[in-house]
Amino acid sequence: MLLIQILAILPFFAAAQDSAPEGLIAASTAQCPPVHLIVARASGERPGEGIISSLSNAIKQAVPGSTSEALNYPAKMPYSGSIPVGVTNLKAAIARYTQQCPSGKLVLLGYSQGGAVITDTLCGGGGKEVGPATPGLTAEEGRLIKAVVSMGDPRFVPGMSYDKGTNKNKGGVAERNRAAAPCPVWASRMVSYCDANDSRCASGSSLEVHKTYTERYNNQAKAFVLEKLQDARPLGGS
Ligand SMILES: *[C@@H]1O[C@H](CO)[C@@H](O)[C@H](O)[C@H]1NC(C)=O
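For the sequence shown, the residue numbers in mature numbering (1 follows the signal peptide of the UniProt record, and there is no 0) are -16 to -1, 1 to 222.
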């Protein structure tokens, strides 16, 4: 009886095998999308894009053919065991897409610790509780990166040209060192949202403020990304 069932199923497998090459060709074309998003979730979120997936989805809807991937990293506390892994993996993910799709465009989105992974990767990071210092990504290494959005970044430094939101004077709980903070290579392509009293990016006491950036700023952040995707000016322009 079992044998008969197996034999009955076999032709379907054979048919599936026959059509596989075509399927694989379609899949490899799809692996080189014109715009690709790399998304880094917040501390404690399950693997995936996390809360900032709402922004990722909105951008993908607006940009035909665009795709996204969730950055593979622990997203755990303490930062020293997690952010450096995220930085290493993000550099690898950027290099992979850049090699595979040399005329594509990259967008980086990060929430809370995920934002710190992104800003540490670009601006140079580490130090103190975040682990060993690392150099920032060079303009050449990141040449496909067109737009970067960070929300509730614990590495937030007030007064930077790319800062957005209502927190004007408080550093985050793991504030980036002031020498690296201006991030001159990437500043023109980056926004970092931080509102007053946020428990992480503004060293305040409201977790509610910290968890609700997508509700307040997704429309603005999406408009920024779409504008930057159209912007053909080279890096270093303002
Ligand atoms: C900050 O948030 C806490 C917790 O929600 C609240 O009790 C406090 O009043 C807030 N402070 C300011 C200045 O808004």
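Glycine is no exception: its CB is placed at the ideal position from the N, C-alpha and C atoms.
In the structure shown, the three-state DSSP call for G98 is helix. For G88 and I129, the gap between their C-alpha atoms comes out near 9 Å. Per DSSP, reduced to three states, the secondary structure at E192 is helical. For T51, the enclosing beta strand (DSSP E) stretches over residues T51 to A54. Between Y81 and I35, the gap from beta carbon to beta carbon reaches 7 Å or more. A Cβ closer than 5 Å to some heavy atom of ligand 1 marks a residue here, and those residues are N181, S189 and S190. Less than 7 Å divides the Cβ of G108 from the Cβ of P119. Cβ-Cβ separation between D147 and S189: approximately 20 Å, too far for a contact (criterion under 8 Å). The beta carbon of N73 sits closer than 7 Å to those of L55, N56 and Y57, all from its chain and outside the five residues before and after it, given in chain order. Counting only the Cα atoms, G65 lies some 31 Å from A42. For I43, the enclosing alpha helix (DSSP H) covers residues S37 to A46. In the DSSP annotation of this structure, the continuous segment of the beta strand (DSSP E) that includes K130 starts and ends at I129 to M135.
The C-alpha of A100 lies about 17 Å from the C-alpha of S145.
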